[in-house]
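Just so you know, we're using our numbering here: the sequence shown kicks off at 1487 and counts up by one.
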Amino acid sequence: MTAPAYLDTPSGRRLAYHRLPGKGPGVVFLGGFMSDMEGTKARHLETWARGCGRSFLRFDYSGHGQSSGAFADGCIGDWAQDAGAALSALTEGPQVLVGSSMGGWIALLLARALPERVVGMVGIAAAPDFTEDSMWAGFARDQRAALMADGRIEIPSGYADSPYTITRRLIEEGRENLVLRDPLRLPFPVRLLQGTADEDVEMTTALRLLAHIDCADARLTLVKGADHRFSEPADLALVEQAITEILPD
């Protein structure tokens, strides 16, 4: 495994990244909650970009992977800030954002904050507002009480042996970054990919996002039997196709 380079952000965090030079518009991969840049989708898309001669960036949010900080200390706003710093410092010109799960939410926040730097978006099981609409909405009364009283709770993870630590700050700060409550104009092509066997992000989330965004060129593809990882060869081919479809000529 090649050692990453590091970016020191204005907020004082140190982000690990891998950057591939090439032609633009480039592609930026935005990972999911507790995921890192060494995952199947990120590595696959880097290989694809290399074959196309296209620039590509993958990185770890603070508290994730090889970046600085503890995961439990972070929140959506921090990770969106990390992504904005990486986009600004490590890429040139407009980019296609590929957001997986939470990365889809981060991509929407970047598009809202830095619209001039985004030329297209691909959401893979995009999970906007999940801290409110999935986590908080799904917590039992005793879990909510414990979270408010103790500042954190632990919930089982379907992807690791250790549980997720969910903090009161994650939930409360997430409410400051919701994107499905107010108009959201996306003046570029958007492609959303969603598996029907996804147990973490429901199809209704993808449908709600598609209906909510103000976008002249937005499409949702439902893939029968695909799960949340969306990492089977056929799934990855669909991601490649979606990126190619929205890249400017």
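Each residue gets a CB set at the ideal place from its N, CA and C atoms; glycine is no exception.
Since the model is a prediction, treat every value here as computed from it, not as a measurement.
Under the three-state DSSP convention, the category G1589 falls into
Counting from one through the sequence shown, the residue named residue 1589 turns up at place 103. Collapsing the DSSP output to three states places G1589 in a helix.
According to DSSP, is M1607 helix, strand or coil?
Your numbering for residue 1607 matches position 121 in the sequence shown. Of the three classes helix, strand and coil, the one that applies to M1607 here is strand, per DSSP.
How many angstroms separate the CA atom of A1571 from the CA atom of G1498?
Taking the first residue of the sequence shown as 1, we reach residue 1571 at position 85. Taking the first residue of the sequence shown as 1, we reach residue 1498 at position 12. About 11 Å.
From the DSSP secondary-structure annotation, give me the bridge partner or partners of K1509.
Position 23 of the sequence shown, counted from the first residue, corresponds to residue 1509. K1509 pairs with R1540.
Among the candidates L1670, F1542, I1639 and T1690, whose CA atom is the shortest distance from the CA of S1648?
Position 162 of the sequence shown holds residue 1648. Among L1670, F1542, I1639 and T1690, the Cα nearest to that of S1648 belongs to I1639.
Exposed or buried, which one is K1527 when buried takes at least 16 other CB atoms within 10 Å?
Reading the sequence shown from its first residue, position 41 is the one you call residue 1527. By the neighbour-count criterion, in which a residue is buried when 16 or more other Cβ atoms sit within 10 angstroms of its Cβ, K1527 is buried.
On a CA-only basis, which of L1594, E1578, G1537 and P1580 is nearest W1737? Give me that one, please.
The chain is shown only over 1487 to 1735; residue 1737 falls outside these bounds and no answer can be derived.
For the segment 1588 to 1605 against the segment 1618 to 1633, are there 3 or more C-beta pairs whose distance is under 8 Å?
no
Quick test of the definition: if touching needs 3 or more C-beta pairs under 8 Å, does the segment 1650 to 1661 touch the segment 1677 to 1686?
no
Close beta carbons around V1604, own chain, < 7 Å, minus the five adjacent residues each side
Working through the sequence shown from its first residue, we reach residue 1604 at position 118. So the qualifying residues of the chain are P1580, Q1581, L1583, L1596, A1597 and F1674.
Look at D1522 and S1548 and say whether their C-beta atoms are less than 7 Å apart.
The residue given as residue 1522 occupies position 36 in the sequence shown. The residue given as residue 1548 occupies position 62 in the sequence shown. In this structure, S1548 does not lie closer than 7 Å to D1522 by Cβ.
Over the uninterrupted alpha helix (DSSP H) stretch that includes G1498, give me the two end residues.
Along the sequence shown, one-based indexing puts residue 1498 at 12. Segment: none, G1498 is in no alpha helix (DSSP H) and carries neither H nor E.
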